[in-house]
Amino acid sequence: MLSAINYSLLATIFLVLTLIFPSEGQLSSTFYSSTCSNVSSIVRSAVQQALQSDSRIGASLSRLHFHDCFVNGCDASILLDQGGNITQSEKNAAPNVNSIRGFDVVDNIKSSLESSCPGVVSCADILALAAESSVSLSGGPSWNVLLGRRDGLTANQAGANSSIPSPFESLANVTSKFSAVGLDTTDLVALSGAHTFGRAQCQFFSQRLFNFSGTGSPDPTLNSTYLATLQQNCPQSGSGSTLNNLDPSTPDTFDNNYFTNLLINQGLLQTDQELFSSNGSSTISIVNNFANNQSAFFEAFVQSMINMGNISPLTGSQGEIRTDCKKLNGS
Ligand code: HEM
Ligand SMILES: *[C@@H]1O[C@H](CO)[C@@H](O)[C@H](O)[C@H]1NC(C)=O
Ligand SMILES: *[C@@H]1O[C@H](CO)[C@@H](O)[C@H](O)[C@H]1NC(C)=O
Ligand SMILES: *[C@@H]1O[C@H](CO)[C@@H](O)[C@H](O)[C@H]1NC(C)=O
Ligand SMILES: *[C@@H]1O[C@H](CO)[C@@H](O)[C@H](O)[C@H]1NC(C)=O
Ligand SMILES: *[C@@H]1O[C@H](CO)[C@@H](O)[C@H](O)[C@H]1NC(C)=O
Ligand SMILES: *[C@@H]1O[C@H](CO)[C@@H](O)[C@H](O)[C@H]1NC(C)=O
Ligand SMILES: *[C@@H]1O[C@H](CO)[C@@H](O)[C@H](O)[C@H]1NC(C)=O
Ligand SMILES: *[C@@H]1O[C@H](CO)[C@@H](O)[C@H](O)[C@H]1NC(C)=O
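The C-terminal position of the sequence shown is numbered 1353 in the working numbering, with every residue numbered one higher than the one before it.
Right, dumping it as structure tokens:
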């Protein structure tokens, strides 16, 4: 009896202590509650304002968080400009150069936060919060973002070249790149659902349109009606940088139409359609589930965004809180 009471007392003390002093390495949704309690609404209103003049920016900001987390963990390494100690920026890596966008919005958010709570909120957490705001403001789910990441002191261009999946890769290779950062097949399918908004340049899928893998014909898993539209928008002699909606049905809305598109062979990138059209793949039933049940997709997407946001964060006294997201402090 006495020992039972002592146990519950100890458990309560332990719980209170872990709430006050979260253990190192552990992110928490209340990390800034006493130091910058308004952080989420400051980020959200900045994203909302950016969306007024750029309907694509929510997609671009979501992708920034993904490309940050896959290289050296979610440490804002992608935001560092080349110069000084940063000899090879991630911005100039193959998957990012002339493609990734949203840096100016991140800088605006950082300025607002430096006015409200100077030196407190990391650039890595800004990317995680901006991704959530972008999804929820576009019709997708909202969630409590785990916070407490710190900003890295290096960039890893070679890592960005090799770790971020390319749209020309096989499903097996993409799966292994997700697995390398601790994400499984459900995470791969759920997170690919982010291609329900935003744009892609012709150069990232035009290999499918005319002479796919040297066959002399288009990719057989591309819907013929959709193919005709894409061939018109991306002619063989045309510019590789022409933009197309990733989701032709609802281009700026975060919904499960990415998955219903895959069912009718209207995935834009080869790596999108492969999730459904690779015979015998375990991804097929997951695509079917998300296409038939938007709530199932939203629930899985939230969990997978949390999983992705947990990739190797710097915490405690590691790294720093940058004053300017583009530069290391003191540079
Ligand atoms: C599964 C492997 C993936 C591949 C191969 C891939 C590839 C690509 C490519 C080639 C583009 C077009 C870039 C351009 O035209 O400049 C793109 C756009 C985009 N990707 Fe992915 N992606 C993948 C996964 C993800 C994930 C996990 C997310 C987020 C959770 C994501 C979010 C986005 C968004 C929102 C856009 C549109 C960005 C914009 O309009 O600025 N992608 N992706
Ligand atoms: C929090 O931020 C929002 C949006 O920027 C603003 O409307 C609100 O007044 C702020 N609240 C506090 C307590 O600072
Ligand atoms: C990354 O890829 C780009 C473009 O292909 C290349 O120019 C650059 O040298 C590569 N960087 C590293 C560090 O391998
Ligand atoms: C898959 O990865 C292997 C090993 O890195 C590489 O040799 C191969 O070219 C890749 N295949 C595709 C289709 O991307
Ligand atoms: C398709 O590509 C292959 C390999 O590059 C080439 O040999 C063939 O001539 C091309 N076919 C057409 C119709 O362009
Ligand atoms: C191609 O897309 C149309 C809608 O545009 C759809 O009705 C048709 O079933 C699709 N075909 C295939 C093979 O998925
Ligand atoms: C998948 O199987 C179908 C039916 O057996 C076949 O027609 C198709 O070529 C296969 N697709 C791929 C990508 O191997
Ligand atoms: C859809 O998914 C949700 C969330 O996983 C689940 O609770 C619900 O039962 C599913 N609905 C149907 C019709 O299967
Ligand atoms: C740049 O690198 C040098 C040598 O490692 C180091 O002493 C210095 O602190 C670094 N500068 C910044 C701004 O991190």
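Idealized CB from N, CA, C, for every residue including glycine.
Predicted model, so just to flag it, every value in this text is computed and none were measured.
Helix, strand or coil: which one does DSSP assign to S1050?
strand
Express the C-alpha separation of F1053 and F1232 in angstroms, rounding to a whole number.
52 Å
Where the alpha helix (DSSP H) containing L1249 begins and where it ends:
S1246 to N1255
Would you identify the three-state DSSP class for Q1223, choosing helix, strand or coil?
strand
The alpha helix (DSSP H) that contains N1267, what's its start and end?
Run containing N1267: none in the alpha helix (DSSP H); it sits in the beta strand (DSSP E), L1265 to N1267.
Taking V1169 as the reference, which of M1330, G1352, V1127 and T1197 has the closest Cα?
Reading off the sequence shown, one finds Leu at residue 1169, where the question assumed Val. Closest option to L1169, Cα to Cα, is M1330.
Indicate, with yes or no, if ligand 3 has a heavy atom lying under 6 Å from the CB of A1177.
Not under cutoff, so the answer is no.
So what's I1343 in DSSP terms, helix, strand or just coil?
Three-state result, I1343: coil.
Which runs of the alpha helix (DSSP H) spanning at least 4 residues fall entirely within the region 1135 to 1223, listed in chain order?
Residue ranges of uninterrupted alpha helix (DSSP H) with 4 or more members, entirely inside the region 1135 to 1223 and ordered along the chain, are 1145 to 1159, 1179 to 1185, 1193 to 1202 and 1207 to 1214.
Would you decide whether S1045 is buried or exposed? Buried here means 16 or more other CB atoms lie within 10 Å of its CB.
Note that S1045 scores a pLDDT of 47, beneath 50, so its modelled location is shaky and nothing firm can be said.
Straight-line Cα distance separating S1299 from I1286
Going by the C-alpha atoms only, they are around 10 Å apart.
Using DSSP with H/G/I as helix, E/B as strand and the rest coil, what is L1336?
strand
Relative to ligand 8, is the shortest distance from any of its heavy atoms to the C-beta of S1317 smaller than 6 Å?
yes
Can you tell me where the alpha helix (DSSP H) holding S987 begins and where it ends?
Residue 987 cannot be examined here, being either before or after the span of the chain that is shown, 1023 to 1353.
Member of S1198, P1189, F1125 and N1114 whose CA lies at the smallest distance from the CA of A1180
N1114
Per DSSP, which residues does G1105 bridge with? Please list them.
Partner residues in the beta bridge of G1105, as assigned by DSSP, are I1108.
Using the Cα positions of P1242 and T1057, report the straight-line distance between them to the nearest angstrom.
55 Å
Helix, strand or coil at V1128 [DSSP, three-state]
helix
Under 7 Å between the Cβ atoms of S1144 and I1308?
no
Which class does F1232 belong to by DSSP, given the choice of helix, strand or coil?
coil
Look up A1115 in the DSSP assignment and say whether it is helix, strand or coil.
coil
Under the criterion of a Cβ to heavy atom distance below 6 Å, does G1161 qualify as lining ligand 9?
no
Rounded to a whole number of angstroms, what is the C-alpha to C-alpha distance between N1315 and N1278?
Roughly 8 Å separates the two Cα atoms.
Can you give the Cα-Cα distance for C1224 and V1069, rounded to whole angstroms?
Between C1224 and V1069, the C-alpha separation is close to 27 Å.
How long is the line joining the alpha carbons of S1235 and Q1229, rounded to whole angstroms?
8 Å
Using a Cβ distance threshold of 8 Å, determine whether the region 1256 to 1266 contacts the region 1141 to 1160, with at least three qualifying pairs required.
no
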